[in-house]
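Notes for the one structure printed next.
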Amino acid sequence: MALSLITRLLTLALGYAYPAYACYKMLEVHPPQIEQLLFWCQYWILVATLTVVERFADWIVSWLPMYGEAKLLLVLYLWHPGTRGAGHVYDGLLRPLVARHEHDIDRGLLELRARARDMTASQLKAAVAVGQAWLVEAARCVSSQLQAARSDRAGAAH
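Read in order, the letters of the sequence shown correspond to residues -17 to -1, 1 to 141 in mature numbering (1 follows the signal peptide of the UniProt record, and there is no 0).
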């Protein structure tokens, strides 16, 4: 339990916080070096991809002994200056995989955007209809209260 917590904290620190700070430092060098920009873009693309995959696969493989430690070693391998593994994994694995499926991914993203736009429009219409119904009901309520108040005043005057 304690080892798992330590591993997670180290993964956050060494897999996210340190690389983010290294990116910041690299961007503040004027002008930034293109090779460094390329390396850190590859790193963050891989980390984002691994994070997405992990959300789906973590519950399947997290029971494996040393799983957390293996993740920690992977992020260290990806950014460490001695290995610069991000370039190797990106060029050797991710780039060819995405390139093979790029057309399908682009088409799927277009469909997803269209569905999201349609769903948003539909939900907005429904919200407007509910708002209109609420306003009509509120107007009726105010109108009936005004009529009741007038009737009370008219009855009290006679």
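Note that CB positions come from ideal geometry on N, CA and C, so glycine has one too.
On a predicted model such as this, the values are computed, not experimentally measured, just so you know.
Secondary structure of Pro2 (DSSP, three-state): helix. Residue environment analysis places Pro2 among the buried positions, since at least 16 neighbouring C-beta atoms fall within 10 angstroms of its C-beta. Linking Gly114 to Lys108 through their CA atoms gives a straight-line distance of about 10 Å. Under the three-state reduction of DSSP, Pro15 is assigned to coil, being neither helix nor strand.
Restricting attention to alpha helix (DSSP H) runs no shorter than 4 residues, the region 18 to 81 encloses them at 50 to 62 and 68 to 72, ordered along the chain. Counting C-beta pairs with one atom in each stretch, the region 57 to 67 and the region 36 to 46 have fewer than three that are closer than 8 Å, which means they do not touch.
The Cβ atoms of Ile28 and Tyr73 lie closer than 9 Å to each other. Residue burial annotation: Lys8 is exposed, with fewer than 16 other C-beta atoms found within 10 angstroms of its C-beta. Val30 is positioned such that its CB atom lies no closer than 9 Å to that of Gly75. Within the model, the alpha-carbon separation for Ala112 versus Thr103 is close to 14 Å. According to the DSSP assignment, Leu(-4) belongs to no alpha helix (DSSP H), since it is labelled neither H nor E.
Tyr26 counts as buried, since no fewer than 16 other beta carbons sit within 10 angstroms of its beta carbon. Burial state of Ala137 is exposed, judged by a 10 Å Cβ sphere holding fewer than 16 other Cβ atoms.
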